[in-house]
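Chemist: Protein sequence lines, in the order shown, are assigned to chains F and X. If you want my numbering, it's the position in the first sequence, counting the first as 1, plus 40. If you want my numbering, it's the position in the second sequence, counting the first as 1, plus 65.
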Amino acid sequence: MTQSDQTESRSAVAGLARGARSAAAAAAMGGLWLATAVQARVNDLPGGPAVNQLNFHPPATRIAEEQHWLHWFMLAICATIFVVVFGIMFYSIAKHRRSVGHKAQELPEPIWVELGWTIVPLLIVIGMALPATKVIVAQKDTSNSDLTVKVVGMQWKWGYEYLKGEGEGIQFLSTLDPQHRVMSDSGKPEAVDDYLLKVDNPLVVPVGKKIRVITTANDVIHAWMVPAFGVKQDAIPGFVRDTWFRAEKTGDFYGQCAELCGKEHAYMPIHVKVVTQEEYTRWVNEKKKAMAALADDPSKEWTLAELKQRGEQIYAANCAACHQANGKGAGSIKPLDGSAIVTDADHGKMIQILLNGAGNGAMPAWKQLSDVELAAVMTYARNSWSNSAGDAVQPREVVAARQ
Amino acid sequence: MSAVLDHHGAHAHDHEHHAPAGWRRWVFATNHKDIGTLYLLFSFAMLMVGGLLALGIRAELFQPGLQVVNPELFNQLTTMHGIIMVFGAIMPAFVGFANWMLPLQIGASDMAFARMNNFSFWLMVPAGIILVASFFMPGGAPAAGWTLYAPLTLQMGPSMDAAIFAMHILGASSIMGSINIIVTILNMRAPGMTLMKMPMFAWTWLITAYLLIAVMPVLAGAITMTLTDRHLGTSFFNPAGGGDPVMYQHIFWFFGHPEVYIMILPAFGIISQVVPAFARKKLFGYTSMVYATASIAILSFIVWAHHMFTTGMPVTGQLFFMYATMLIAVPTGVKIFNWIATMWKGSMTFETPMLWAVGFIFVFTMGGFTGLMLSMAPLDINFQDTYYVVAHFHYVLVAGSLFAMFAGYYYWAPKWTGVMYDETRGKIHFWWSMISFNVTFFPMHFLGLAGMPRRYADYPMQFADFNAIASVGAFAFGLAQVYFFLAVVLPMMRGQGEKAPQKPWDGAEGLEWEVPSPAPHHTFETPPKLDPTATRIVG
Numbered sequence: 041m042t043q044s045d046q047t048e049s050r051s052a053v054a055g056l057a058r059g060a061r062s063a064a065a066a067a068a069m070g071g072l073w074l075a076t077a078v079q080a081r082v083n084d085l086p087g088g089p090a091v092n093q094l095n096f097h098p099p100a101t102r103i104a105e106e107q108h109w110l111h112w113f114m115l116a117i118c119a120t121i122f123v124v125v126f127g128i129m130f131y132s133i134a135k136h137r138r139s140v141g142h143k144a145q146e147l148p149e150p151i152w153v154e155l156g157w158t159i160v161p162l163l164i165v166i167g168m169a170l171p172a173t174k175v176i177v178a179q180k181d182t183s184n185s186d187l188t189v190k191v192v193g194m195q196w197k198w199g200y201e202y203l204k205g206e207g208e209g210i211q212f213l214s215t216l217d218p219q220h221r222v223m224s225d226s227g228k229p230e231a232v233d234d235y236l237l238k239v240d241n242p243l244v245v246p247v248g249k250k251i252r253v254i255t256t257a258n259d260v261i262h263a264w265m266v267p268a269f270g271v272k273q274d275a276i277p278g279f280v281r282d283t284w285f286r287a288e289k290t291g292d293f294y295g296q297c298a299e300l301c302g303k304e305h306a307y308m309p310i311h312v313k314v315v316t317q318e319e320y321t322r323w324v325n326e327k328k329k330a331m332a333a334l335a336d337d338p339s340k341e342w343t344l345a346e347l348k349q350r351g352e353q354i355y356a357a358n359c360a361a362c363h364q365a366n367g368k369g370a371g372s373i374k375p376l377d378g379s380a381i382v383t384d385a386d387h388g389k390m391i392q393i394l395l396n397g398a399g400n401g402a403m404p405a406w407k408q409l410s411d412v413e414l415a416a417v418m419t420y421a422r423n424s425w426s427n428s429a430g431d432a433v434q435p436r437e438v439v440a441a442r443q
Numbered sequence: 066m067s068a069v070l071d072h073h074g075a076h077a078h079d080h081e082h083h084a085p086a087g088w089r090r091w092v093f094a095t096n097h098k099d100i101g102t103l104y105l106l107f108s109f110a111m112l113m114v115g116g117l118l119a120l121g122i123r124a125e126l127f128q129p130g131l132q133v134v135n136p137e138l139f140n141q142l143t144t145m146h147g148i149i150m151v152f153g154a155i156m157p158a159f160v161g162f163a164n165w166m167l168p169l170q171i172g173a174s175d176m177a178f179a180r181m182n183n184f185s186f187w188l189m190v191p192a193g194i195i196l197v198a199s200f201f202m203p204g205g206a207p208a209a210g211w212t213l214y215a216p217l218t219l220q221m222g223p224s225m226d227a228a229i230f231a232m233h234i235l236g237a238s239s240i241m242g243s244i245n246i247i248v249t250i251l252n253m254r255a256p257g258m259t260l261m262k263m264p265m266f267a268w269t270w271l272i273t274a275y276l277l278i279a280v281m282p283v284l285a286g287a288i289t290m291t292l293t294d295r296h297l298g299t300s301f302f303n304p305a306g307g308g309d310p311v312m313y314q315h316i317f318w319f320f321g322h323p324e325v326y327i328m329i330l331p332a333f334g335i336i337s338q339v340v341p342a343f344a345r346k347k348l349f350g351y352t353s354m355v356y357a358t359a360s361i362a363i364l365s366f367i368v369w370a371h372h373m374f375t376t377g378m379p380v381t382g383q384l385f386f387m388y389a390t391m392l393i394a395v396p397t398g399v400k401i402f403n404w405i406a407t408m409w410k411g412s413m414t415f416e417t418p419m420l421w422a423v424g425f426i427f428v429f430t431m432g433g434f435t436g437l438m439l440s441m442a443p444l445d446i447n448f449q450d451t452y453y454v455v456a457h458f459h460y461v462l463v464a465g466s467l468f469a470m471f472a473g474y475y476y477w478a479p480k481w482t483g484v485m486y487d488e489t490r491g492k493i494h495f496w497w498s499m500i501s502f503n504v505t506f507f508p509m510h511f512l513g514l515a516g517m518p519r520r521y522a523d524y525p526m527q528f529a530d531f532n533a534i535a536s537v538g539a540f541a542f543g544l545a546q547v548y549f550f551l552a553v554v555l556p557m558m559r560g561q562g563e564k565a566p567q568k569p570w571d572g573a574e575g576l577e578w579e580v581p582s583p584a585p586h587h588t589f590e591t592p593p594k595l596d597p598t599a600t601r602i603v604g
């Protein structure tokens, strides 16, 4: 197939896609009486899911475009075979039935029939495998990247670390907006377009650059997925895997964790912000300045109020999903409010649990948080709700325990 | 007739002195027909339990937001729905069919190891109870997905150990059942019933039984390593101790992919019996059907890693597993073509068994095509762990295995119970299930294409309409199966309905139609003398 043929067939399938979409949208109308008034107000989310979307996301990378094409190619072949084979079957059902007086005739079974319907499908399958092979080889080629980002899956958030290229050294965590988690629990979420997809810190990358994504995980297997890029890669604890993408347009692109990782599996979205080169440079500079300002000195003596205030935010972002905002836990999740370990005069037990986890991983380890963050969240827990230990856990205690 | 019935069976109630009455008949059952009934009832009960769990899932997903269950319970529901349906419903149901039909089809007096047969069944019951009871253990049921991926399994509560124990028991039961089936088929065929004259159902089960023996120990190994990782400080899969979580997936899917064919090959066998009976023709291409079944079984051992395209295997690995997987389309296609050629120029009627069989061919093929889509590694990168996969395997497991079993039930139950089912009710059951099945699972293709991950307790608003439609369909489908039990199965078990003739289907062939309906407690106590086609008894 020549390039122009391919372009033409692609636009033809795109037309078909639009046709199919409006047809199916009409069919979905039948189901719309189910839709609540809330959902009726939701709009398509550019870079994320569209309302009643019927196909892949509009591709934002070359690879996704190839996959899109491959999908239509496969669908066309399968649909043709389906129509032909079942056309024959339903013709037979209509004509060769006793109620229309058809008498059974045994057919001869020449060997070429069986050979024919073994060999022809084999050839079709080979015809399908060839274009797929090309795409696999391309999507596995992670060499010559412009920027390398390490993505760490954690229960239940993503950590991003810029390893190589412009922005090297930047690192941050990316967590679902806690408001959305509360909405989910309420059972009546507001009709926001980015429901369960809004994060505090999106991954920011420049447009048109080859970004190599290295994945790993802290606790269990997660999977980093951005449908518009045609990318999905498991993040496996103890192992490093990679994938890549080169976004061809700027904008916001969304995905979600795609490997069951525990109870908050549905609440660790991915948001990639693709910006122009200039915007990216500006973002890198700002981010570096902000990081420098935020770099906490763990040896400094902090006041109780300072730590408690800081701890409240950290608690909301990391702990409240399980232990609840009121510290009472739920079900098998232990309460912090009134807990003897939390309020113990010896800070050591609590520090150990936070650094190493407990209950066989039911309480994950939190060593990825900084010393100041850990000290702050412990101070918060010790002095909130009905807990009143009255003292602060100093970051240097955490430093010492890490040794 | 003398070859068919023992001298006691000829008098209606005489057999009871060697078939204990009351509860002893079932607890100490060694008769293949009784054990077959037990298997079928047990698996239907588990189908209802698994179905309830599925309805819990669909109720939660009816609307965005959490209204019915919390995310922990949601994960328990998806996990236990999968385990119970696979190990508790589909697999034992086919064993039930095998127990009832294999000795009748091959002219054997019973299964080869009657007491082991009893043991295989009664092992399933405690396992089923343990699985259901795991919901009431501290921390709830296992919530790591039915695939029990490490290292998430290390975080589970004590119910994980209970589930592992239950799966060990079920595995032992399956292996014993398989040995029994292989020995029965290879050693107890009536004289003249050569292998290549055997009914297709017997052939598919023979091959399935070998698959079971080959892979159940692999599953046992995987879950035993999980158990020692959890309690004995080993680190097979625990990365914290240098273990490899991906190794678990390799081992699991080396079991898991043949397992998929374990759940579909006997279904192919049933369809290969029902279609010729109602087309009033011989099965087209019998020999190629046997070879196709064997090829599928062999190929099933070299495709496991297509479940793992996103784990990041090297390019050559992806290519190999993609090519091998696509090859399976070829023998599967041969089967579909043979069935349609069997229908071609037939004299078809569409009683309920045939409706289910045609419905099976139509809907299962859709699942086959989505399987072909999934086999393409570059597309699978998008599909992996989305609702597309959920749609695919429900098209092959519900519309495949379950629908074939319904075909088999309507086809053979007159022989089991001695009464005909109600044709109108059977047709209502078929159309009701067929429509609600598609309403439930067809929209899931779109959800998957749009990127909705599976095992999600809550989802972005844009996915709401299709989820709502799927939930409505699921409840309708569940009700259809309750209707099946109350309106079709129960009346037949009570003997209500028109008396079934010895051979209710004029186009049916095979030794099972050479014995009266209901089949007497003991059949073929002396080997029958067969005609040259091995489908009729002479003399």
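For glycine and all other residues, C-beta sits at the position ideal for the given N, C-alpha and C. Since we're looking at a predicted model, the values are computed, not measured.
Between ASP225 (chain F) and chain B, is the shortest Cβ-Cβ distance under 7 Å, so that the two count as touching?
Modeler: The chain inventory of the structure shown lacks chain B, comprising the protein chains F and X.
Chemist: Counting only beta-carbon separations shorter than 7 Å, does TRP157 (chain F) have a partner in chain X?
Modeler: In the first sequence, the residue the question calls residue 157 (chain F) occupies position 117. So, interface residue.
Chemist: So, is the C-beta of LEU444 (chain X) closer than 7 Å to a C-beta in chain F?
Modeler: In the second sequence, residue 444 (chain X) corresponds to position 379, counting from 1. Chain F contact via Cβ: present.
Chemist: For THR451 (chain X), which residues from the same chain have a beta carbon less than 7 Å from its beta carbon, with the 5 sequence-adjacent residues on both sides left out?
Modeler: Along the second sequence, read from residue 1 onward, the residue named residue 451 (chain X) stands at position 386. If we look at THR451 (chain X) and ignore the five residues flanking it on each side, its Cβ neighbours are GLY513, GLY516, MET517, PRO518 and ARG519.
Chemist: Measuring only between beta-carbons, confirm whether GLU137 (chain X) sits less than 7 Å from chain F.
Modeler: Along the second sequence, read from residue 1 onward, the residue named residue 137 (chain X) stands at position 72. It does: the Cβ of GLU137 (chain X) has a partner Cβ on chain F nearer than 7 Å.
Chemist: Provide the residue(s) that pair with ILE251 (chain F) in DSSP beta bridges, ordered along the chain.
Modeler: Start at 1 with the first residue of the first sequence, and residue 251 (chain F) comes out as number 211. Partner(s): F:LEU187 and F:PHE285.
Chemist: Straight-line CA distance for GLN145 (chain F) to SER440 (chain X)?
Modeler: Residue numbering aside, residue 145 (chain F) sits at position 105 when the first sequence is read from its first letter. Residue numbering aside, residue 440 (chain X) sits at position 375 when the second sequence is read from its first letter. If I take the Cα positions, the gap works out to 38 Å.
Chemist: Assuming GLU468 (chain F) is part of the beta strand (DSSP E), what are its boundary residues?
Modeler: Since the first and last residues shown for chain F are 41 and 443, residue 468 (chain F) lies out of range.
Chemist: Rounded to whole angstroms, how far is the Cβ of VAL355 (chain X) from the Cβ of MET408 (chain X), which I believe are closer than 8 Å?
Modeler: In the second sequence, the residue the question calls residue 355 (chain X) occupies position 290. In the second sequence, the residue the question calls residue 408 (chain X) occupies position 343. Incorrect: roughly 20 Å between the Cβ atoms, too far for contact.
Chemist: Please tell me whether GLN443 (chain F) has its Cβ less than 7 Å away from any Cβ of chain X.
Modeler: Taking the first residue of the first sequence as 1, we reach residue 443 (chain F) at position 403. No, because no Cβ of chain X sits closer than 7 Å to the Cβ of GLN443 (chain F).
Chemist: Would ASN532 (chain X) be called buried (16 or more neighbouring beta carbons within 10 Å of its own) or exposed?
Modeler: To locate residue 532 (chain X), count along the second sequence from 1; it is residue 467. It counts as buried.
Chemist: Quick one: which residues of the stretch 329-349 of chain X get their C-beta closer than 9 Å to a C-beta of chain F? List them in chain order.
Modeler: The stretch 329-349 of chain X vs chain F, Cβ under 9 Å: ALA344, ARG345, LYS346, LYS347 and PHE349.
Chemist: Using a C-beta cutoff of 7 Å, does ILE422 (chain F) count as contacting chain X?
Modeler: Here residue 422 (chain F) refers to the residue found at position 382 when the first sequence is read from its first residue. The amino acid occupying residue 422 (chain F) in the given sequence is Arg; Ile does not appear at that position. No, because no Cβ of chain X sits closer than 7 Å to the Cβ of ARG422 (chain F).
Chemist: Taking buried to mean at least 16 other C-beta atoms within 10 Å of its own C-beta, is SER226 (chain F) buried or exposed?
Modeler: Taking the first sequence and counting its residues from 1, the one referred to as residue 226 (chain F) is at position 186. So SER226 (chain F) ends up on the exposed side.
Chemist: Residues in the stretch 300-318 of chain X with C-beta within 7 Å of chain F's C-beta atoms, listed in sequence order?
Modeler: Those would be PRO304, PRO310 and VAL311, in chain order.
Chemist: Under 7 Å, CB to CB, which of the residues in the stretch 159-184 of chain F have a partner in chain X?
Modeler: The residues in question are PRO161, LEU162, VAL165, MET168, ALA169, ALA172, THR173, VAL175, ILE176, VAL177, GLN179 and LYS180.
Chemist: On a CA-only basis, which of X:ILE405, X:SER243, X:SER238 and X:ALA206 is nearest ALA227 (chain X)? Give me that one, please.
Modeler: In the second sequence, counting from the first residue as 1, residue 227 (chain X) sits at position 162. Nearest option by C-alpha distance: X:ALA206.
Chemist: Helix, strand or coil, according to DSSP, for THR101 (chain F) in the structure here?
Modeler: Against the first sequence, residue 101 (chain F) aligns to sequence position 61. Three-state DSSP puts THR101 (chain F) in coil, outside helix and strand.
Chemist: Using the rule of at least 16 other Cβ atoms within 10 Å of the residue's Cβ for burial, across every protein chain shown, is ILE261 (chain F) buried or exposed?
Modeler: Working through the first sequence from its first residue, we reach residue 261 (chain F) at position 221. Buried, since its Cβ has 16 or more Cβ neighbours within 10 Å.
Chemist: Report all residues from its chain with a CB closer than 8 Å to the CB of GLY71 (chain F); omit the five preceding and five following residues, and keep chain order.
Modeler: As a position in the first sequence, residue 71 (chain F) is number 31, starting the count at 1. At GLY71 (chain F) the pLDDT is 49, less than 50, meaning the model places this residue with poor confidence; the figure from the coordinates comes in the next sentence. Closer than 8 Å at the Cβ level, and outside the excluded window around GLY71 (chain F), lies no residue.
Chemist: For chain X, check one thing: does any of its Cβ atoms lie closer than 7 Å to the Cβ of MET129 (chain F)?
Modeler: What you label residue 129 (chain F) is simply residue 89 of the first sequence in a count that begins at 1. Chain X, which has a Cβ nearer than 7 Å to the Cβ of MET129 (chain F), makes this yes.
Chemist: When you compare only the Cα positions, how much space is there between HIS108 (chain F) and ARG252 (chain F)?
Modeler: Taking the first sequence and counting its residues from 1, the one referred to as residue 108 (chain F) is at position 68. Taking the first sequence and counting its residues from 1, the one referred to as residue 252 (chain F) is at position 212. Computed Cα separation, rounded: 21 Å.
Chemist: Mapping DSSP to helix, strand and coil, what is SER214 (chain F)?
Modeler: Within the first sequence, residue 214 (chain F) is the residue found at index 174, counting from 1. Three-state DSSP puts SER214 (chain F) in a strand.
Chemist: Does HIS262 (chain F) come out as helix, strand or coil in the three-state DSSP assignment?
Modeler: For the purposes of this step, residue 262 (chain F) is identified with residue 222 of the first sequence, where counting begins at 1. Strand, per DSSP.
Chemist: Checking contacts by CB at 7 Å: is TRP578 (chain X) closer than that to chain F?
Modeler: Walking along the second sequence from the start, residue 578 (chain X) turns up at place 513. Closer than 7 Å: no.
Chemist: Is GLY161 (chain X) buried or exposed, if buried means 16 or more other CB atoms sit within 10 Å of its CB?
Modeler: Residue numbering aside, residue 161 (chain X) sits at position 96 when the second sequence is read from its first letter. Result: buried.
Chemist: To which residues of the same chain is HIS494 (chain X) closer than 8 Å at the C-beta, ignoring the five residues directly before and after it?
Modeler: Walking along the second sequence from the start, residue 494 (chain X) turns up at place 429. Excluding sequence neighbours, HIS494 (chain X) sits near THR417, PHE471, ALA545, TYR548, PHE549, ALA552 and VAL553.
Chemist: Since LYS311 (chain F) is in the beta strand (DSSP E), which residue starts that stretch and which ends it?
Modeler: Counting from one through the first sequence, the residue named residue 311 (chain F) turns up at place 271. Reading the sequence as shown, one finds His at residue 311 (chain F) and not Lys. It spans 310-315 - the beta strand (DSSP E) in which HIS311 (chain F) sits, taken as one unbroken run.
Chemist: According to DSSP, is PHE186 (chain X) part of a helix, a strand, or is it coil?
Modeler: As a working mapping, residue 186 (chain X) is identified with position 121 in the second sequence. If DSSP states are grouped into helix, strand and coil, PHE186 (chain X) belongs with the helices.
Chemist: State buried or exposed for ILE393 (chain X), treating a residue as buried only when at least 16 other CB atoms are found within 10 Å of its CB.
Modeler: Numbered from its first residue, the second sequence carries residue 393 (chain X) at position 328. Buried, since its Cβ has 16 or more Cβ neighbours within 10 Å.
Chemist: Can you check the stretch 407-433 of chain F for any alpha helix (DSSP H) of at least 4 residues that lies completely inside it and give the ranges in chain order?
Modeler: The qualifying runs are 411-422.
Chemist: Nearest to GLN317 (chain F) by CA position, among F:LYS249, F:LYS374 and F:TYR294, is which residue?
Modeler: Numbered from 1 along the first sequence, position 277 holds the residue referred to as residue 317 (chain F). The residue with the shortest Cα to Cα distance from GLN317 (chain F) is F:LYS249.
Chemist: In chain order, what residues of the same chain have a beta carbon less than 7 Å from the beta carbon of PHE542 (chain X), not counting five sequence neighbours either side?
Modeler: For this step, residue 542 (chain X) is matched to residue 477 along the second sequence. The residues are SER498, SER501, PHE502 and THR505.
Chemist: Only counting the same chain, and skipping five residues up and downstream in sequence, which positions put a Cβ closer than 8 Å to that of ILE391 (chain F)?
Modeler: Here residue 391 (chain F) corresponds to residue number 351 of the first sequence, with the count starting at 1. Answer for ILE391 (chain F): LEU414, MET418, VAL433, GLU437, VAL438 and ALA441, listed in chain order.
Chemist: Apart from the five residues just before and just after SER426 (chain F), which ones in its own chain have a Cβ nearer than 8 Å to its Cβ?
Modeler: Your numbering for residue 426 (chain F) matches position 386 in the first sequence. Once the five neighbours on either side are set aside, the close Cβ partners of SER426 (chain F) are ASP377 and GLY378.
Chemist: Leaving out the 5 sequence neighbours to the left and right, which residues in its chain are closer than 6 Å to LEU344 (chain F) when beta-carbon positions are compared?
Modeler: To locate residue 344 (chain F), count along the first sequence from 1; it is residue 304. Hits under 6 Å: ALA432.
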